[in-house]
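Using our numbering, the first residue of the sequence shown is number 15, and each one after it goes up by one. All residues carry an ideal CB built from backbone N, CA and C; glycine is no exception.
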Amino acid sequence: MFHVVLIAGALTLWAATLGGVDPHRMTDFGLLSVLSPWYYVAIGLVTASFCIALYSAPRQWALLGAHVVGLLLMLHGSPAIIYGTLRYAWAWKHVGIVAYIVEHGSVNPNIGYLTAYQDWPSFFALAALIVQAGGFGDAAAFASWAPLFNNLLFAGAAMFLFRTLTKDRRQAWLAVWLFCITNWVGQDYFSPQANAYFLYLITIGICLCWLRPTGLPPIASLRRWLRSERLAQTARQVIARGLPLNQAGMLKQPLPAMAAIVFLLAAAIVTSHQLTPFMLILAISALVVFRLCVLRGLPLLILVMTAAWVCYMAVTFLKGNLYWIVASIGSLNIGSSTLSNLAVASHDHVIVAEVARLLTASVGAVAALGLWRRLRKGRADTAAVLLGVTSVLMVWGNAYGGEMLFRIYFFALPFLSFLAAGLIFPSPRAGRARLTPAAAMLVCAPLLAGMLVSYYGNERMNYISPDEVRAEHYLIAQAPPGSTLVSISADYPWVMGDYERYRFVQVVVLPVSQQRALIANPAGQAARLMGAGSGHAGYMIFSSSQAAEVEMTGELPAGSVTRIRDAMLRSPRFRVIYRGPDSLIFALSTQAGSA
C-alpha cells in the first residue's frame with residue numbers, strides 16, 4: 015500500500031507541474047530549462063520507491079511494473095502533453111509517407127526523394143491501415159504518443175528477454191529499469207526502426223527461451239571449448255547443417271512452431287528497416303556459433319531474405335546509394351561522421367553532448383563492473399556478453415547516415431543493462447542486505463540525471479510548434495506541383511503531405527561555397543535556390559526550430575539566418591505569404607520570376 019500511495023502521489027505531482035510549462039521559453043538546455051523542480055522530485059520519488067520495492071517485494075510483478083509504467087509516462091509522456099504537436103522534424107517525414115500510402119493505396123519506389131521509405135514499406139503500410147481503420151486525418155493524430163507506446167513495448171520485450179537470461183527476478187527488473195533510464199538516443203519515435211527494434215528483442219528472446227539447448231555452459235567448460243577444436247567444428251557444422259544440434263533434451267516447446275514465429279518476425283524486420291536485419295543476423299549468428307541456438311540455418315535464412323529484398327524490392331535505393339555504402343564499409347571514421355562538431359556548437363549544447371557521451375561511457379563501465387561481480391559468483395552470462403559485443407561489430411559497417419554509433423549503443427543497451435544490474439544482484443543469494451535499496455539508488459540516480467540531460471537537452475530544436483504545423487498546411491495548399499521548397503535545415507514538418515510533388519533544398523547541406531555565397535548575397539542567391547527564371551514557383555521557409563538547430567549546432571555562422579531573412583524582407587524579389595509567431599514563408603514575386 016505504501017508504494018501504491020507513493021506512485022499515485024508522484025504521478026499527481028508530475029501532472030501538476032506540466033500545466034504552466036511554455037516550450038517557447040526553452041534555452042539550449044531544452045526542457046530542463048522550463049520544467050518545474052517538482053518534476054524532478056516526482057521522478058525521484060518513483061525511482062526511490064522502485065528501489066525499495068525491488069528489495070522488499072521482488073515477486074510482486076504488478077507493483078514493479080506499475081513503477082516502470084509510471085517512469086515511462088513521466089519521461090516520454092511529458093513532451094507529448096507539453097507540446098501538443100508531433101516531436102522531431104524527421105517524424106513528420108514518416109507522417110508524409112503514411113499520407114502517400116493512404117492517398118495512393120501503394121508505395122512508389124521510383125520517387126527520387128525519401129526512396130528508402132518507399133522501398134521498406136511494412137511499417138508505413140501498417141500505420142496507413144491504422145489511419146484508415148481509426149478514421150484519423152493523418153498519422154500525426156497519434157504519432158505524438160509513439161515514444162511512450164514504443165518504450166512500453168521495449169520494456170515488456172526486454173523483461174521477456176531478461177527472464178530468459180536469469181532466474182533472479184530482481185536482476186531482471188533492475189535491468190529493465192536501467193534500460194529505461196539510459197535509453198537516451200531518441201530512436202523511440204514514430205518510425206520503422208522503433209517497430210523493428212521491438213521485433214528484434216522479441217526474436218532474440220524466443221531464440222534464448224525456446225530455441226536453445228538446455229542450460230548455459232559453465233565457465234570452465236566454456237574456456238575448454240574455446241581452447242579446443244570445437245570452435246572450428248561448430249563453424250563447419252553451422253555452414254553444413256541446418257538442423258538442431260541434437261534431438262535429446264533440447265526443447266520443451268515444438269520446434270516447428272517456434273521456428274515459424276521467428277521466421278515471420280524476421281520477415282517483418284527485413285521488410286520494414288534497412289539496418290535491423292543485419293543486427294539480427296549478427297546476434298543470431300553469435301548464438302548459433304556458441305551453441306546457444308539450435309536453429310543453425312537461421313542466420314543464413316535471414317541473410318538470404320535480406321539480400322532478396324534488397325536486390326528485388328529496393329533496387330531504386332540500391333542504385334542511388336550503393337557507391338557510398340560500399341565506400342564506407344570497413345571504414346573506422348564512423349565516430350567523426352556521427353559525433354557533432356562541438357567546436358562550433360553553442361555552450362549549452364556542448365554540455366548536453368558531453369553529458370550524453372559520459373552517460374554512454376558510464377553504462378559501459380557499470381556493465382563491466384556487473385560482469386566482474388557475476389563472474390566472481392560463477393555466472394558467465396555468455397549470451398548477454400555475446401549479444402552486447404555483436405552490436406559493436408557494426409562499427410566496421412557503413413556510417414548509416416552518421417547514426418551508426420547511436421544505433422550500436424541502442425542495440426547493445428539491453429545487454430549492457432542486464433550486466434549492469436548484476437552489480438547489485440550478482441547472484442540470487444546476494445543483494446539481501448538492508449543497504450541494497452540505497453546501493454541501487456546510488457547506481458540509478460546519476461544515470462537518471464544523465465538521461466534527463468541527454469534526452470531533454472536538445473528539445474529546443476526537437477520542438478515543432480503548432481504555428482509551424484499551420485504554416486506547413488498553408489504552404490502545401492498554396493504551392494503548385496513542381497514548386498521548389500527551400501529551408502535552412504530539415505528541422506521543419508515540410509514533408510507531411512504531397513512531398514512527391516516538390517523539389518526540396520536545404521541550405522545546411524549545400525556545399526560551403528554556396529552557403530558563403532548565400533550569406534554574402536542573400537537576396538540574389540536565395541532567388542536562385544528558389545528557382546528564379548525556371549518557370550516554377552519557389553518558396554523559402556524560416557522557422558524557430560530551424561533557427562534553434564543552426565544556433566545550437568553551429569552549422570552556419572552565427573547570425574546567418576537573421577541576415578538572410580532580413581535581406582529577403584527588404585528585397586522586392588520576394589513577398590511574404592505567411593507570417594506567424596514561429597514561421598515566415600517567402601514566395602518569389604513576379605519580378606523574381608522574370609529576373
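Item to check | Option in A22, L45, F16 and S50 with minimal Cα separation from T31 | outcome: S50
Checklist entry - Rounded to whole angstroms, how far is the Cβ of Y469 from the Cβ of W198, which I believe are closer than 8 Å? => result 5 Å
Checklist entry - Which value, in whole angstroms, describes the spacing of the CA atoms of D512 and V522? => result 23 Å
Checklist entry - Hey, I195 and L462: beta-carbon distance below 8 Å or not? => result yes
Checklist entry - Could you give the distance in angstroms between the alpha-carbon of A359 and the alpha-carbon of M455? => result 34 Å
Next on the checklist: I'd like to confirm the pairing. Which residues does DSSP put opposite Q173 in its beta bridges?
Outcome noted: Note on residue identity: the sequence assigns Met, not Gln, to residue 173. Its beta-bridge partners do not exist; DSSP assigns none.
Checklist entry - Thinking C-beta only, is Y203 closer than 8 Å to R73? => result In this structure, Y203 does not lie closer than 8 Å to R73 by Cβ.
Item to check | Cβ-Cβ distance between F429 and A398 below 8 Å | outcome: yes
Item to check | Endpoints, alpha helix (DSSP H) assigned at V521 | outcome: Segment: none, V521 is in no alpha helix (DSSP H) and carries neither H nor E.
Next on the checklist: Could you check whether the Cβ of R39 sits closer than 8 Å to any Cβ belonging to chain C?
Outcome noted: Chain labels in this structure do not include chain C; a single protein chain is all it has.
Checklist entry - Buried or exposed: where does W224 fall if 16 or more other Cβ atoms within 10 Å of its Cβ makes it buried? => result buried
Checklist entry - DSSP beta-bridge partners for T129? => result Per DSSP, none; premise fails for T129.
Checklist entry - If L68 and L78 are in contact, beta carbons under 8 Å, what's the gap, nearest whole angstrom? => result 7 Å
Checklist entry - If V526 and P507 are in contact, beta carbons under 8 Å, what's the gap, nearest whole angstrom? => result Between P507 and V526 the Cβ distance is about 27 Å, and since that is not below 8 Å, they are no contact.
Next on the checklist: In the DSSP output, which residue or residues are listed as bridge partners for L499?
Outcome noted: F518 and Y553
Item to check | Opening and closing residue of the beta strand (DSSP E) in which I599 lies | outcome: S597 to L602
Checklist entry - For the candidate residues Q529, R589 and I502, whose alpha-carbon lies nearest to that of F518? => result Taking only the C-alpha atoms, the option nearest F518 is I502.
Item to check | Boundaries of the alpha helix (DSSP H) in which R371 is found, first to last residue | outcome: H361 to R390
Checklist entry - Under a three-way DSSP split, which group does G594 fall into? => result coil
Next on the checklist: I need the straight-line Cα distance from H17 to V83, nearest angstrom please.
Outcome noted: 14 Å
Checklist entry - Thinking C-beta only, is D481 closer than 8 Å to S559? => result no
Item to check | Three-pair Cβ contact test at 8 Å for the region 164-176 versus the region 135-155 | outcome: no
Checklist entry - Helix or strand or just coil, what does DSSP make of T196? => result If DSSP states are grouped into helix, strand and coil, T196 belongs with coil.
Checklist entry - Run through DSSP, which three-state label would R589 get? => result strand
Checklist entry - Does DSSP classify T41 as helix, strand or coil? => result strand
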